[in-house]
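Below: the structure, in structure tokens.
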Amino acid sequence: MSEDLRPDRRIVFQGLGALGVAAALAACGGGSGGSSNAGSTATAGKAGEKLASTAEIPVGGGIVLTDRHVVITQPTKGDFKAFSSKCLHQGFDVSEVKDGTITCTVHGSTYDAATGAVTGPPAPSGGKLPAVKIKVDGDSIVAA
Ligand code: FES
Numbered sequence: 009m010s011e012d013l014r015p016d017r018r019i020v021f022q023g024l025g026a027l028g029v030a031a032a033l034a035a036c037g038g039g040s041g042g043s044s045n046a047g048s049t050a051t052a053g054k055a056g057e058k059l060a061s062t063a064e065i066p067v068g069g070g071i072v073l074t075d076r077h078v079v080i081t082q083p084t085k086g087d088f089k090a091f092s093s094k095c096l097h098q099g100f101d102v103s104e105v106k107d108g109t110i111t112c113t114v115h116g117s118t119y120d121a122a123t124g125a126v127t128g129p130p131a132p133s134g135g136k137l138p139a140v141k142i143k144v145d146g147d148s149i150v151a152a
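For the sequence shown, the working numbering begins at 9 and goes up steadily by one.
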């Protein structure tokens, strides 16, 4: 049985320490739960739904919204990207973003935080985390 609705919301931060955790807790609003991934571009929620604040996402790092299965990164200042957080190896959520690299610590796969492309095994070479549509709306990252 695969359940998208999980009672806990785990957000992983890299690079912000306690300040980032506080920001994450502040950002925990309502969640609508599952979304369908029928196409090649995943969705993070209803259009305009707030996912995070820009201040929560460190340059070169990112956050993982495990309840939405989305990882949001900021490869360079002011440039925000989002991808499915489901690892291409066995589907666990990736767990950290640091120094421009998204890592799935379950078995060590790595991805480029700017493109989602696989940079290290065991995720298949040539693979890419599907992009997720987001938009910057003021100081918020929202679903698009
Ligand atoms: S599930 Fe991510 S590396 Fe295995």
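Built from N, CA and C at the ideal position, the CB exists for glycine as well. Because the structure is a prediction, the values reported are computed rather than measured.
Query, Result
"Contact the stretch 47–67 vs the stretch 138–146: 3+ CB pairs below 8 Å", "yes"
"DSSP state of Ala-51 mapped onto helix, strand, coil", "Residue 51 is actually Thr in this sequence, not Ala. Correct three-state label for Thr-51: coil."
"Under 7 Å between C-beta atoms of Thr-81 and Val-114", "no"
"Check your reading: residues with Cβ closer than 5 Å to the ligand FES heavy atoms", "Cys-95, His-97, Gln-98, Phe-100, Cys-112, Val-114, His-115, Ser-117"
"Presumed contact (8 Å Cβ cut-off) between Gly-124 and Lys-136, rounded CB distance", "5 Å"
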